Each structure stands twice: as structure tokens, then as C-alpha cells.
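A.B. asks: Numbering (UniProt numbering), first residue to last: 1 to 539. Input: one structure, supplied below.
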């Protein structure tokens with residue numbers, strides 16, 4: 001007697017903003033009810049609901065859809081049910097790839113209820129590609145109409161943003177109109193005043209922090225949760241925040257919209273376009289500053305731009321390598337062409353990017369001249385390279401001793417962590433088995449099963465990922481011989497180099513920490529810590 005295959009289904013529901021919430025037949029609730037009734041009447045077990053509310057069907061980067069795919073990969077479901085084909089997606093190429101390639105490869109049964117599609121019955125599926133094409137045509141047409149309507153509103157001066165710009169509020173009587181926020185208006189006025197006094201964006205941001213003026217995100221509701229703001233960072237202004245205020249015509253009563261439109265209805269990636277293609281609308285609301293002042297500020301900001309009249313450009317060969325040991329962020333170069341120097345490198349210094357953005361309250365400068373950094377790194381590579389060639393045995397012995405001491409300690413710590421994570425995963429696996437048995441025996445409701453299942457699955461996925469990372473780290477930590485050989489091979493090649501380039505640095509250096517200058521016995525010194533690939537720092 002043949003056994004009937006048991007199907008455990010994921011019920012996928014999707015509702016796009018473009019579908020409209022008023023259509024009851026399309027609502028998430030009605031989709032859930034329909035799919036539940038269908039599954040129960042066809043003896044299909046329900047594993048979970050996967051709901052993407054407010055996501056377009058042309059894009060498959062949806063959180064619940066991705067979770068469903070993960071559950072398919074983990075063997076938790078072998079059937080996917082949607083209300084119709086368009087709920088799965090409106091991109092016919094990607095929808096077709098899932099239905100005709102991915103699902104069959106994974107032995108997944110797919111059902112689109114109202115379209116009469118069931119991949120278990122191949123005779124019903126001939127019309128499916130045509131329906132997918134029609135769904136995409138519908139999405140394209142809808143996108144075109146929505147885009148046209150939005151651009152028309154922009155030209156009329158209607159405000160369509162989800163939240164008002166800093167310094168403004170949405171009019172409670174007309175959500176498409178801006179009114180001045182009297183609470184934050186003085187901050188905008190101060191920024192423009194400081195600019196007119198001749199201060200640049202960096203100095204303005206430092207002045208705002210000095211006066212303990214909250215940054216724009218601090219005025220947003222639930223800012224602590226949304227942006228992780230604390231008493232320490234709520235006053236941190238960056239020069240980019242200041243520049244955004246100075247450049248936006250909204251502050252003189254005008255609007256510039258459609259600055260970064262999407263590539264297409266299928267691709268939501270934003271693209272940069274020329275300013276001439278922006279949609280401008282004048283006198284749409286009351287300005288905080290006059291148009292004359294705004295224009296004057298634009299001229300001043302333009303003049304302050306770094307204008308390299310010599311046509312020189314500093315190629316930062318240290319990009320991604322130099323870090324601040326205090327905050328962990330990059331040290332970035334700054335070029336001052338006002339200096340009277342002969343060579344380009346002597347115009348440049350590096351300093352902490354956190355310090356540049358937020359000032360001394362956040363970090364210190366860790367400033368180092370580009371020439372000094374270059375010479376220190378070059379000499380260190382030359383020294384260790386010559387040691388690798390001239391005194392190889394002694395050099396190798398010291399390196400192996402250093403690596404083994406570090407790696408043994410590191411390996412023990414990683415192994416202990418791995419054992420703990422594996423025990424936690426085994427405990428969760430047992431909990432999951434018990435939960436599934438309780439559901440099959442009717443000891444737990446479907447609702448509670450779904451809630452507990454989601455919770456356990458999330459914890460399992462997190463632990464599996466952590467275990468993979470730890471196993472990889474352990475494998476790397478015990479590759480002592482391979483590591484020192486790779487380092488010796490690398491460093492010896494560059495023993496006699498006379499100059500540095502990006503390729504050499506990326507071949508042998510992992511990171512460089514630059515410390516603040518300090519005075520020792522009346523002498524100013526600065527520590528630069530070079531970490532080489534495969535072995536770390538050398539004394």
C-alpha cells in the first residue's frame with residue numbers, strides 16, 4: 001500500500017502599499033484565513049505564516065520571504081501556499097525562477113489558490129508563465145502611474161516626505177504642508193549666522209557641540225531606540241549634518257525634490273542625478289532664512305571648497321589600514337594646499353575620523369604627518385624583511401614562539417566558547433523536538449506553537465552562525481606553521497624596496513594603529529603599531 005506524502009506548508013502573505021488597504025479581499029487577514037482554510041481542507045500541516053506587509057512584489061528582498069527560504073533550506077517546510085501568483089511576486093523572471101527551478105530542486109510543492117496552480121499537477125501549470133508576465137506588466141503600469149502622480153505633486157510644491165525636515169513640522173491641518181518648528185528654528189538660524197561670520201562646516205559643528213545643542217535626530221520621537229542616542233552622543237554634530245542644513249533650499253521656502261530616484265520599478269536602488277534634473281518648486285512654505293541669505297551662503301560654501309589649483313591629487317595608499325586605537329575608527333587624510341611644500345605628500349596629514357566629526361569630546365586627534373607615517377612603515381618593512389633574509393633561523397624561531405604562545409591561549413578560549421554554544425544548540429534541538437511532539441498530539445494550540453517555534457528557530461539560527469564562526473576561528477588559530485611561512489615569504493620579498501605602494505601594503509599589513517603624541521624625558525614621541533598579516537604585531 002502506497003503512503004501519501006505529508007506536506008508541511010509555509011503560508012506566504014504579501015500586501016504592497018500600491019495594492020491599497022481598502023480592498024478587503026487583498027488584506028493580510030483575509031489571505032491568512034483563505035490559506036488556513038485551504039490547507040486544513042487538503043490535510044496540509046501548517047508550519048508558519050510568513051507575512052510581508054507593505055513590500056513590493058517586484059523586489060524579492062523581503063524579510064519574511066527570506067525567512068521562508070531559510071526554512072526551506074533547513075528542511076522545515078516542503079510546501080509553499082499563496083493566495084495567487086502575484087502574492088509570490090510581480091517580477092516574472094524571478095517568480096518563474098523560484099517556481100520552475102528553485103522549488104522543484106528543493107522538492108517544494110507550490111500552490112497559488114485562486115489561480116488554480118499546484119505544481120503537484122503539471123497539467124494545471126501551462127498558463128503560469130503568462131500570468132507571471134501579466135503580473136509584472138501590472139506592476140510596471142502601477143509604478144509608472146504612482147511615479148507620475150508623485151512627481152506632479154512635487155511640481156505643485158506638495159510635501160510628500162514621511163517626516164518633516166529638521167526645523168519644520170507637518171501642518172496638523174494639512175499633512176502635505178510644512179510649518180516652522182519654533183523649538184528648532186533657532187538652531188537653523190544659528191547655523192546660518194555662524195556660516196555668514198565666516199566659519200566652515202567643521203568649526204560650526206564644533207561650536208554646536210560646545211554649546212550642547214542636540215543634533216537633528218535627537219528631536220525625533222523614540223530617538224533613543226531608533227538611533228541609539230545617549231546623553232553622550234546626542235550633542236554630536238558632524239560637518240555633513242551642518243552642510244545638509246546649509247545646502248537645502250527648504251530653509252528659504254523652496255523645495256528641491258526627486259534628488260535620488262530609483263533605477264526602475266524592479267530595482268529600488270537609488271541613483272544620483274544632475275541638479276538640473278531635480279524637481280524644483282518655489283515659495284511652497286515660509287522660510288526660516290531669506291532667499292538672499294540662502295544664496296549668499298551657497299556662494300560662501302562654494303568658495304570654501306578645497307580648490308586644488310595645482311591639479312594635484314593625493315593617492316591614499318594607506319586606505320582602510322590606519323586606525324585609531326581609542327575608538328577603532330579610521331584615520332583619514334586631510335590635504336592643506338595652502339602650505340608651501342614641494343612634494344604632495346607633505347601637504348597631507350592623517351587624523352581620527354571620529355575626532356574630525358565630533359571633536360575632542362568624542363576622541364583625540366591621533367594626528368600624524370603622511371610623510372612620517374610613510375617613512376615609519378617603509379623602515380619597519382625593510383628591517384623585518386632584511387631579518388628574514390640575513391638571520392632567518394633566529395627570526396623564524398622568535399616568530400614561531402610568539403605565534404604559539406598567542407595561539408594556544410586563543411585556541412583554548414575559542415574551544416571553550418564552542419563547547420558552550422554546541423551545548424546550548426543541543427538543548428534547543430531537544431526543546432524543538434518536544435514542541436513538535438506536543439503540537440502533533442494536540443497538547444499545544446497552533447498559535448502558541450507558532451510563537452514558540454519562531455522564538456526557538458531564531459535562537460537556533462543565531463547559534464548555528466556563531467558555531468560556524470568559532471569553528472573557522474579555531475581552524476585559523478592553529479595554522480601556526482602555515483602562518484609563519486606565509487609571513488616569511490611575504491616580508492622577504494620586500495626587504496630591499498625603496499618605496500611603498502597600495503599593493504605592497506595590502507599584501508603584508510593587516511592594520512596600523514597610530515597613538516597620540518606624548519612627551520617622554522622632554523622628547524615628543526609617537527607610537528605607531530604595525531600589525532602584519534598572519535602573525536600580528538612584532539616588537
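We put the beta carbon where it would ideally sit given N, CA and C, even for glycine. This one's a predicted model, so the numbers in the text were calculated from it and none came from an experiment.
At 4 residues or longer, and completely inside the stretch 57-90: list those alpha helix (DSSP H) runs for me, N to C.
C.D. replies: 63-73, 85-88
A.B. asks: By the three-class DSSP mapping on this structure, what secondary structure does residue 352 have?
C.D. replies: Reduced to three states, the DSSP call for residue 352 is strand.
A.B. asks: Output needed for residue 204: all residues of its chain with C-beta closer than 7 Å, excluding positions within five of it in sequence on either side, in chain order.
C.D. replies: 191, 194, 195, 242
A.B. asks: Nearest-angstrom Cα distance between residue 593 and residue 91?
C.D. replies: Residue numbering for the chain in the displayed model covers 1 to 539; residue 593 lies beyond these limits and cannot be assessed.
A.B. asks: Which term fits residue 530, buried or exposed, when burial requires 16 or more other beta carbons within 10 angstroms of its beta carbon?
C.D. replies: buried
A.B. asks: Return yes when the Cβ of residue 31 is within less than 8 Å of the Cβ of residue 109, no when it is not.
C.D. replies: Remark: C-beta atoms of residue 109 and residue 31 do not approach each other more closely than 8 Å.
A.B. asks: Any beta carbon of chain D sitting closer than 8 Å to that of residue 365?
C.D. replies: This model lacks chain D altogether; it includes just one protein chain.
A.B. asks: In this structure, how does DSSP classify residue 176 when only helix, strand and coil are distinguished?
C.D. replies: strand
A.B. asks: Could you pull out every residue in the same chain whose Cβ sits closer than 6 Å to the Cβ of residue 353, ignoring the five residues on either side in sequence?
C.D. replies: Shown here for residue 353: same chain residues with a beta carbon closer than 6 Å to its own, the five before and five after excluded, namely 329, 330, 332 in chain order.
A.B. asks: Go ahead and pull the three-state DSSP assignment for residue 334.
C.D. replies: Looking at residue 334 - three-state DSSP - the assignment turns out to be strand.
A.B. asks: On the three-state DSSP scale, how would you describe residue 514?
C.D. replies: strand
A.B. asks: Measuring CB to CB, does residue 399 end up less than 8 Å from residue 487?
C.D. replies: yes
A.B. asks: Mind checking residue 520: buried by the 16 CB within 10 Å criterion, or exposed?
C.D. replies: exposed
A.B. asks: Evaluate the contact criterion for the stretch 377-385 versus the stretch 486-501: three or more CB pairs, one atom per stretch, below 8 Å.
C.D. replies: The stretch 377-385 vs the stretch 486-501: in contact.
A.B. asks: Under the DSSP definition of a beta bridge, which residues are partnered with residue 525?
C.D. replies: Answer is 518.
A.B. asks: Tell me residue 14's beta-bridge partners as DSSP assigns them.
C.D. replies: 52
A.B. asks: For residue 472, which three-state DSSP category applies?
C.D. replies: helix
A.B. asks: Just to confirm, are residue 167 and residue 188 a CB contact at a threshold of 8 Å?
C.D. replies: yes
A.B. asks: Which residue marks the beginning of the alpha helix (DSSP H) containing residue 39, and which one marks its end?
C.D. replies: DSSP places residue 39 in the uninterrupted alpha helix (DSSP H) bounded by 28-41.
A.B. asks: Starting from residue 503, trace the alpha helix (DSSP H) both ways and give me its first and last residue.
C.D. replies: 502-508
A.B. asks: Give the single residue among 361, 5, 489, 296 whose Cα lies nearest to the Cα of residue 392.
C.D. replies: 489
A.B. asks: Roughly how far, in whole angstroms, is the beta-carbon of residue 53 from the beta-carbon of residue 450, given that I think they are within contact range, below 8 Å?
C.D. replies: Not quite, the Cβ-Cβ distance comes to about 17 Å (not below 8 Å), so this is no contact.
A.B. asks: Let me check understanding here. Comparing Cα to Cα, which of 509, 453, 335 lies closest to residue 437?
C.D. replies: 453
A.B. asks: DSSP state of residue 169, grouped into three classes?
C.D. replies: Strand at residue 169.
A.B. asks: Do you know how far the Cα of residue 374 is from the Cα of residue 219?
C.D. replies: Annotation: residue 219 to residue 374 spans about 44 Å, alpha carbon to alpha carbon.
A.B. asks: Label residue 237 either buried or exposed according to how many other C-beta atoms from any shown protein chain fall within 10 Å of its C-beta, with 16 as the threshold for buried.
C.D. replies: buried
A.B. asks: Kindly identify the DSSP beta-bridge partner or partners of residue 286.
C.D. replies: According to DSSP, residue 286 bridges with nothing at all.
A.B. asks: Is residue 211 helix, strand or coil by DSSP?
C.D. replies: If DSSP states are grouped into helix, strand and coil, residue 211 belongs with coil.
A.B. asks: Count the other CB atoms, across all protein chains shown, that sit within 10 Å of the CB of residue 83; report buried if there are 16 or more and exposed otherwise.
C.D. replies: buried
A.B. asks: Note the first and the last residue of the continuous alpha helix (DSSP H) segment covering residue 279.
C.D. replies: No alpha helix (DSSP H) holds residue 279; the beta strand (DSSP E) holding it covers 279-281.
A.B. asks: Here's the rule: buried if 16 or more other CB atoms are within 10 angstroms of the residue's CB, otherwise exposed. What is residue 470?
C.D. replies: Counting the other CB atoms within 10 Å of its CB gives residue 470 a total of 16 or more, which places it among the buried residues.
A.B. asks: Taking the alpha-carbon of residue 202 as reference, which of 397, 58, 246 has the nearest alpha-carbon?
C.D. replies: Among 397, 58, 246, the Cα nearest to that of residue 202 belongs to 246.
A.B. asks: Indicate whether residue 253 and residue 291 have their beta-carbon atoms separated by less than 8 Å.
C.D. replies: yes
A.B. asks: Which residues in the same chain as residue 5 place their Cβ atom closer than 7 Å to its Cβ, once the five residues preceding and following it in sequence are excluded?
C.D. replies: Same-chain partners within the cutoff: there are none.
A.B. asks: On the DSSP bridge list, what partners appear for residue 109?
C.D. replies: 79
A.B. asks: Hey, out of 326, 325, 327, 344, whose CA is closest to residue 334's CA?
C.D. replies: 344
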